[in-house]
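Peer 1: Before we start, here is the structure in question, set down as structure tokens.
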Amino acid sequence: MKDQYKETVAGLTEKELLFHLAATQILLLTISSILGMILFDSIREFMELFIWDDRNILTYGLGAGAAVVALDIVLMKYLPKSYYDDGGLNERIFRNRSVFQIMLIAAMVAASEEILFRGVIQTNTGLIISSIIFAVVHYRYLFNWFLFANIILLSFLIGYIYMVTNNLAVTIVMHFVIDFVLGMTIKFRSNAANGGTESE
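Set out below in structure tokens:
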């Protein structure tokens with residue numbers, strides 16, 4: 026199953042890869058919209074989950090996001106490479122992208138996933154259910170016990186921060202920081218391994 030997944034990833038063209046990435050985020054936002062109409066009384070009620078002038082955005086959004094990334098980078102350095110083998114998908118997504126493209130991808134993924142899993146699901150069902158669903162949806166990590174444990178812990182951490190702050194803006198920023206910095210790390214490590222750097 027894992028080898029078949031790797032072959033599928035390797036067989037995707039750049040256009041197909043980006044299409045699937047964009048389609049997945051659109052699907053998540055569509056599900057969010059449908060569930061939101063059912064579970065929230067109004068758009069205003071949902072928009073109240075976003076508080077952009079909250080100091081927690083710096084403390085938890087940027088701070089906790091940076092701490093997660095720092096820990097991940099240290100673990101990448103000392104743990105066997107196989108522990109971070111996701112079938113090659115993350116490397117395919119980020120290695121040839123510009124800084125702006127990585128920023129755009131990270132923002133799109135952070136917003137769509139946090140709106141659905143924290144904003145819609147956790148707000149209405151609680152931390153445990155939303156965290157489990159978040160982990161299972163990242164199905165490619167099911168093939169690697171370390172990555173799956175990693176995504177479960179991260180999901181509970183982000184969910185806990187949302188529970189504490191009651192602010193979806195905080196978790197979106199945190200998720201963005203994690204994805205953007207790790208995307209940049211993958212880009213520059215890949216370029217270094219290939220003996221050069223890509224233009225930005």
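Count along the sequence shown starting at 1, add 25, and that's the number in the numbering used here.
Where a beta carbon is used, it is the ideal one built from N, C-alpha and C, also for glycine.
Since the structure is predicted, the reported quantities are computational estimates derived from the model, not experimental observations.
(1) Compute the beta-carbon to beta-carbon distance between residue 114 and residue 34, rounded to the nearest angstrom, for a pair I have assumed lies under 8 Å.
(2) With a threshold of 7 Å on Cβ separation, who are the neighbours of residue 184 within its own chain once the five nearest residues in sequence on each side are excluded?
(3) Give me the Cα-Cα distance between residue 150 and residue 139, rounded to the nearest whole angstrom.
(4) Around the C-beta of residue 72, are 16 or more other C-beta atoms found within 10 angstroms, so that it is buried, or is it exposed?
(5) Under the three-state reduction of DSSP, which class applies to residue 107: helix, strand or coil?
(6) Let me know if residue 45 comes out buried or exposed under the rule of 16 or more other beta-carbons within 10 Å of its beta-carbon.
(7) Under 8 Å by Cβ, that's how I've got residue 127 and residue 42 pegged, so tell me the actual separation to the nearest angstrom.
(8) Measure the Cβ-Cβ separation of residue 180 and residue 53 and say whether it is below 8 Å.
(9) Near residue 222, which residues of its chain fall below 6 Å by C-beta distance, leaving aside the five closest residues on each side in sequence?
(10) Could you check whether the Cβ of residue 74 sits closer than 7 Å to any heavy atom belonging to the ligand MG?
(11) Mind checking whether residue 169 and residue 110 have CB atoms under 8 Å apart?
(12) Contact defined as beta carbons within less than 8 Å: I believe residue 160 pairs with residue 173. What is the distance between those atoms, to the nearest angstrom?
(13) Helix, strand or coil, according to DSSP, for residue 58 in the structure here?
(14) Kindly indicate which residue of 207, 218, 212 and 213 has the alpha-carbon position closest to the one of residue 90.
Peer 2: Let's see:
(1) 5 Å
(2) 143, 147, 152, 155 and 156
(3) 14 Å
(4) exposed
(5) helix
(6) exposed
(7) Not really, about 14 Å apart at Cβ, beyond 8 Å.
(8) no
(9) With a pLDDT of 48 at residue 222, under the threshold of 50, the modelled position of that residue is not reliable, and no figure is offered here.
(10) The ligand MG is not part of the structure shown, which contains no ligands of any sort.
(11) yes
(12) 7 Å
(13) helix
(14) 207
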